[in-house]
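For reference, the structure discussed in these notes is given below.
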Amino acid sequence: MKNISLTIAGSDPSGGAGLQVDLKVFKELGVYGMGVVSSLTVQNSKGVLCTYPLTRGAVFQQIDALFRDFKIDAVKTGMLLKTEVVEEVYKALENKNVKIVVDPVLVSSSGKPLLEEKAISVLKEKLFSICSILTPNLPELEVLTGIEIKGEDDIEKAGKYLIDFGVDTVVVKGGHLKKGKTVIDYIFYEGKLEKLEYPMVNVDDVHGTGCVLSSAITAYLSFGYEHYKAIRLARAFLQYKLESVKKLGTGSFYFIL
Ligand code: PLP
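Numbering (the working numbering) for the sequence shown: 856 to 1112.
This is the structure we're talking about:
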């Protein structure tokens, strides 16, 4: 039997982020990938032009049909766009015995909102309560906690706030805190804080890094690795992928191949 990972994410037709890149990561890491579309984006290598929601109920129905049929080992959520989608995801997953990675996607690099503002409190109240691993970047961490992040002390305070909110493990992606030649990720788990330090890859505007990290964590959870080990393996995978990014279009984004 093959291990199964499910992504619930926005469609990125250019294949650099969202559902499309998640499925490529699942394939590359050897799990069987399933994908529930949460919303549509129109985008290319210059950024997100616009977004479209699906019909109400469509996300719940897609997830429900899968869980009625398959034994899914781990799930990730990415771009959810609307409050009702956050609610539908919660309703579909709340009683399932499955590992859930929540990538709290809020805004695209090009500045388009990928989650409406009023959905943020629902995300915190509902999805965080069933979340195994939460993977905010620093701007997301600020919005989710209301704490302005100026340095490591603030990251520590914010990470603990999220743990107190009911999240099991938090991975704060430190990439936006430019600090010399390395990038530090902060892992809050089992009452501890561990730091993972990697060489900074010297390319601006890599598209979909957060999606690749969270889908790789999901794949490793599907194999049965515990949280910290899954995060370390996924972060190493992302680093390896960052070494061979390519520009594919006429815009400024680099793509993870
Ligand atoms: N499109 C979709 C569907 C996404 O899920 C995301 C991020 O998660 C993005 C676009 C934005 O990606 P980036 O900010 O890396 O360009």
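No residue lacks a Cβ here, since even glycine has one placed at the ideal position from N, Cα and C.
A residue is called buried once 16 or more other Cβ atoms fall within 10 Å of its Cβ, and M856, having fewer, is exposed. Taken through DSSP and simplified to helix, strand or coil, A872 comes out as coil. Residue side-chain check: G1063 places its Cβ nearer than 6 Å to a non-hydrogen atom of the ligand PLP. DSSP places P991 outside both helix and strand once states are collapsed to three, so it counts as coil. 7 Å or more divides the Cβ of V1025 from the Cβ of L982.
Pairing K1102 with Y1095 gives a Cβ-Cβ distance that is not under 7 Å.
For S893, the closest C-alpha among the options T910, A1085, G865, K931 is that of G865. Residue pairing by DSSP puts Q898 in a beta bridge opposite V903. Looking at the DSSP output, K1101 shares a beta bridge with F1110. Taking 4 residues as the minimum length, the alpha helix (DSSP H) runs contained wholly in the region 1050-1096 are 1064-1077, in order along the chain.
When the beta-carbon positions are compared, S1077 and V930 stay at least 7 Å from each other. Secondary structure note for K1028: its beta strand (DSSP E) is the uninterrupted segment 1024-1028.
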